[in-house]
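Just so you know, the sequences run in chain order A and B. Under our numbering, think of the first position of the first sequence as 1, with each following residue one higher. Under our numbering, think of the first position of the second sequence as 1, with each following residue one higher. One structure is given here, and the rest of the page talks about it.
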Amino acid sequence: MKTAVSALLSGFIFGLGLAVSEMTDPARVIGFLDLAGQWDPTLLFVMGGALAVTLPGFAMVQRRPRPLLAEKFTMPTKKEIDAPLIIGAAIFGIGWGLAGFCPGPALAALSTLSPSVAEFVAAMIAGQWLASRVELRLGVGVQTFCDDEG
Amino acid sequence: MAEANVVGGIIGGGLIGLASLMLLALNGRIAGVSGIVGGILTGSAGDRWWRAAFVVGLIAGAEVYALAPRGGLPLHMQAQGLGLIAAGLLVGIGTRIGSGCTSGHGVCGLARLSSRSLVATLTFIIVAVITVFLSRHVFS
Chain A
1 MKTAVSALLS
11 GFIFGLGLAV
21 SEMTDPARVI
31 GFLDLAGQWD
41 PTLLFVMGGA
51 LAVTLPGFAM
61 VQRRPRPLLA
71 EKFTMPTKKE
81 IDAPLIIGAA
91 IFGIGWGLAG
101 FCPGPALAAL
111 STLSPSVAEF
121 VAAMIAGQWL
131 ASRVELRLGV
141 GVQTFCDDEG
Chain B
1 MAEANVVGGI
11 IGGGLIGLAS
21 LMLLALNGRI
31 AGVSGIVGGI
41 LTGSAGDRWW
51 RAAFVVGLIA
61 GAEVYALAPR
71 GGLPLHMQAQ
81 GLGLIAAGLL
91 VGIGTRIGSG
101 CTSGHGVCGL
111 ARLSSRSLVA
121 TLTFIIVAVI
131 TVFLSRHVFS
C-alpha cells in the first residue's frame with residue numbers, strides 16, 4: 001500500500017516533468033532527432049536536467065542498506081552487452097523516430113484524450129505483449145521485469 | 001534551429017530526475033516506464049499495484065500541468081494511421097526485447113553507470129536519428 005502511494009507520487013512528478021519540458025509533444029522529440037532539419041536541442045536539456053539529479057542522487061541512495069519503504073533494492077542484474085539489448089534498442093529507435101513517442105511521454109499524453117495517442121499506446125502495449133509471448137515460446141523470457149532496466 | 005525550450009527542459013528534466021530518485025530511495029525500484037508498464041501485464045499480482053499507481057500518477061501529472069494557468073500540453077502528432085500503429089508496435093517490441101526505454105536506460109541506467117544502458121541509449125538515439133533522416137529527407 002505504502003509503495004503504491006509513493007509510486008503514485010513519483011509518477012505524478014515524472015508526468016509533470018514530461019509536460020513542463022514539452023516532451024509529451026512528438027514535434028519536440030522529432031525536432032531533436034532531425035539533425036538535417038530545424039534542430040531543436042530541448043531534449044538535451046531534459047536529459048541534462050534529469051542526470052544532474054540522478055547521477056549524484058543514485059550514488060548516494062545506493063550506499064544505503066535498503067530503500068525506505070521496501071525490503072531491498074530491485075536492481076537490474078545483467079551485465080553483458082548481448083544481441084537482444086542492441087536489437088531491441090534498434091527496433092525501439094525505429095518506432096521512436098517514426099512517431100516521436102517513447103513510452104513515458106506517450107502515456108502522459110493520454111491526458112489530452114487524443115484518440116491518436118490512445119492508438120499508439122494500445123499498439124505499444126500489444127507490441128510488449130507480443131514480444132513477451134515470443135520470448136516465452138523461445139524460453140528466453142524467463143526473467144521478469146524486475147530484472148530489467150525498465 | 002528551432003526555438004529551444006531551455007528553461008522548461010532543465011526544470012522538467014530535473015523533475016523527471018527527482019521522480020526517478022524518489023522511486024529508487026522509497027521503493028528500491030528503477031523508474032523505467034516501459035518496464036513498469038510491461039510488469040502490469042506480466043508481473044506478479046502483488047507487484048501490480050505500485051506499477052498501476054505510477055502510470056495513473058504519470059497521466060495525472062501531465063493533466064494537472066495541462067490545466068494549469070500558465071501550463072498547457074501542446075500535441076503535434078508526427079505519424080498517422082498505419083504508420084502510427086506500426087511505430088507503437090515497434091516501440092513495444094523493442095523496449096521489451098531491449099529491456100528498457102529512454103527513462104530506464106537513458107535517465108536511470110546512465111545514472112547507475114551501466115554500460116548496457118549506455119550502449120542501448122546510444123543505439124536507440126542513433127537509429128532514431130537515421131529513421132528520421134530517411135523518413136523526412138530521403139523517402140518523404
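C-beta: ideal position from N, C-alpha, C; glycine also. Bear in mind that the values here come from a model prediction, so they are computed numbers and not experimental data.
Is there at least one Cβ from chain A nearer than 7 Å to V138 of chain B's Cβ? Start at 1 with the first residue of the second sequence, and residue 138 of chain B comes out as number 138. So, not an interface residue.
Pull out every residue of the region 60-80 of chain A whose Cβ sits closer than 9 Å to any Cβ of chain B, in chain order. M60, V61, Q62, R64, R66, P67, L68, L69, A70, E71, K72, F73, T74, M75, P76, K78, K79 and E80
At a Cβ threshold of 7 Å, is P26 of chain A touching chain B? Counted from its first residue, the first sequence places residue 26 of chain A at position 26. By this cut-off, P26 of chain A is an interface position.
For the alpha helix (DSSP H) holding V134 of chain A, just list the boundary residues, first then last. On the first sequence, position 134 is the one that residue 134 of chain A refers to. Run containing V134 of chain A: P115 to L138, per the alpha helix (DSSP H) assignment.
Which residues in chain A have a C-beta closer than 9 Å to the C-beta of A120 of chain B? List them in chain order. In the second sequence, counting from the first residue as 1, residue 120 of chain B sits at position 120. Residues of chain A passing the Cβ test: I81, L85, I86, G88, A89, F92 and E149.
Distance between V37 of chain B and G8 of chain B (C-alpha atoms, nearest Å): For the purposes of this step, residue 8 of chain B is taken as residue 8 along the second sequence, with counting starting at 1. For the purposes of this step, residue 37 of chain B is taken as residue 37 along the second sequence, with counting starting at 1. Near 26 Å, if we compare the C-alpha coordinates of V37 of chain B and G8 of chain B.
Consult DSSP for S114 of chain B and reduce its assignment to one of helix, strand or coil. Residue numbering aside, residue 114 of chain B sits at position 114 when the second sequence is read from its first letter. The answer is coil: DSSP assigns S114 of chain B none of H, G, I, E or B.
If you draw a straight line from the C-alpha of F133 of chain B to the C-alpha of V61 of chain A, how long is it? Counting from one through the second sequence, the residue named residue 133 of chain B turns up at place 133. Counting from one through the first sequence, the residue named residue 61 of chain A turns up at place 61. Straight-line Cα distance between these residues: approximately 40 Å.
Just reading off the alpha helix (DSSP H) that K2 of chain A is part of, what are its end residues? Indexing the first sequence from 1 puts residue 2 of chain A at position 2. Here the alpha helix (DSSP H) through K2 of chain A covers K2 to V20.
Under three-state DSSP, which class holds D47 of chain B? Taking the second sequence and counting its residues from 1, one reaches residue 47 of chain B at position 47. Three-state DSSP puts D47 of chain B in a helix.
Could you check whether the Cβ of R116 of chain B sits closer than 7 Å to any Cβ belonging to chain A? Here residue 116 of chain B corresponds to residue number 116 of the second sequence, with the count starting at 1. Yes, its Cβ sits closer than 7 Å to a Cβ of chain A.
Taking the alpha helix (DSSP H) that M60 of chain A belongs to, which residues open and close that run? The residue labelled residue 60 of chain A in the question sits at position 60 within the first sequence. Unbroken alpha helix (DSSP H) run through M60 of chain A: T42 to V61.
Determine the DSSP secondary structure at S20 of chain B, reduced to helix, strand or coil. Position 20 of the second sequence, counting from 1, holds the residue named residue 20 of chain B. Note: S20 of chain B maps to helix in three-state DSSP.
Which residue comes first and which comes last in the alpha helix (DSSP H) that contains I81 of chain A? Residue numbering aside, residue 81 of chain A sits at position 81 when the first sequence is read from its first letter. Segment: none, I81 of chain A is in no alpha helix (DSSP H) and carries neither H nor E.
Assuming contact is defined by CB atoms lying nearer than 7 Å, are T3 of chain A and L69 of chain A in contact in what I supplied? As a first step, residue 3 of chain A is located in the first sequence; it is residue number 3 there, counting from the start. As a first step, residue 69 of chain A is located in the first sequence; it is residue number 69 there, counting from the start. Result yes, Cβ atoms of T3 of chain A and L69 of chain A sit closer than 7 Å.
Closest residue to K79 of chain A among B:R116, B:M22, B:L24 and B:G35 (Cα-Cα distance): On the first sequence, position 79 is the one that residue 79 of chain A refers to. Of the candidates B:R116, B:M22, B:L24 and B:G35, the one whose C-alpha sits nearest the C-alpha of K79 of chain A is B:R116.
Less than 7 Å between the beta carbons of G11 of chain A and I93 of chain B, yes or no? For the purposes of this step, residue 11 of chain A is taken as residue 11 along the first sequence, with counting starting at 1. For the purposes of this step, residue 93 of chain B is taken as residue 93 along the second sequence, with counting starting at 1. No, they are not a contact pair.
Could you list which residues in chain A have their beta carbon closer than 7 Å to that of I26 of chain B, in chain order? Stepping through the second sequence from its first residue, residue 26 of chain B is reached at position 26. Reading off the sequence shown, one finds Leu at residue 26 of chain B, where the question assumed Ile. The answer, in chain order, is S6, P67, L68 and L69.
Counting contacts by CB-CB distance shorter than 7 Å, is L152 of chain A in contact with chain B? What is shown of chain A runs 1 to 150, which leaves residue 152 of chain A out entirely.
Does A19 of chain B get closer than 7 Å to chain A when you measure Cβ to Cβ? Looking up residue 19 of chain B in the second sequence gives position 19. Closer than 7 Å: yes.
Taking the alpha helix (DSSP H) that S103 of chain B belongs to, which residues open and close that run? Numbered from 1 along the second sequence, position 103 holds the residue referred to as residue 103 of chain B. From DSSP, S103 of chain B is part of no alpha helix (DSSP H); its letter is neither H nor E.
Please check the pair I106 of chain B and M47 of chain A, which I expect to be a contact at CB under 8 Å, by giving their CB distance rounded to whole angstroms. Residue mapping note: residue 106 of chain B aligns to position 106 of the second sequence, counting from 1. Residue mapping note: residue 47 of chain A aligns to position 47 of the first sequence, counting from 1. According to the sequence shown, residue 106 of chain B is Gly rather than Ile. Sure, about 6 Å apart at Cβ, within 8 Å.
How would you list, in chain order, the residues of chain B whose beta-carbon sits under 7 Å from the beta-carbon of A118 of chain A? The count along the first sequence starts at 1 and reaches residue 118 of chain A at position 118. In chain order: nothing, as chain B lies at least about 10 Å away.
Is the CB-CB distance between D168 of chain A and H137 of chain B below 7 Å? Nothing about residue 168 of chain A can be read from this structure; chain A reaches only from 1 to 150.
Cβ pair count under 8 Å reaching 3, the region 53-60 of chain A against the region 56-64 of chain B: no
What is the rounded straight-line gap between the Cα of G28 of chain B and the Cα of M1 of chain A? Your numbering for residue 28 of chain B matches position 28 in the second sequence. Your numbering for residue 1 of chain A matches position 1 in the first sequence. Distance between the alpha carbons of G28 of chain B and M1 of chain A: 15 Å.
With a threshold of 7 Å between beta carbons, is L98 of chain A in contact with chain B? Numbered from 1 along the first sequence, position 98 holds the residue referred to as residue 98 of chain A. Chain B contact via Cβ: present.
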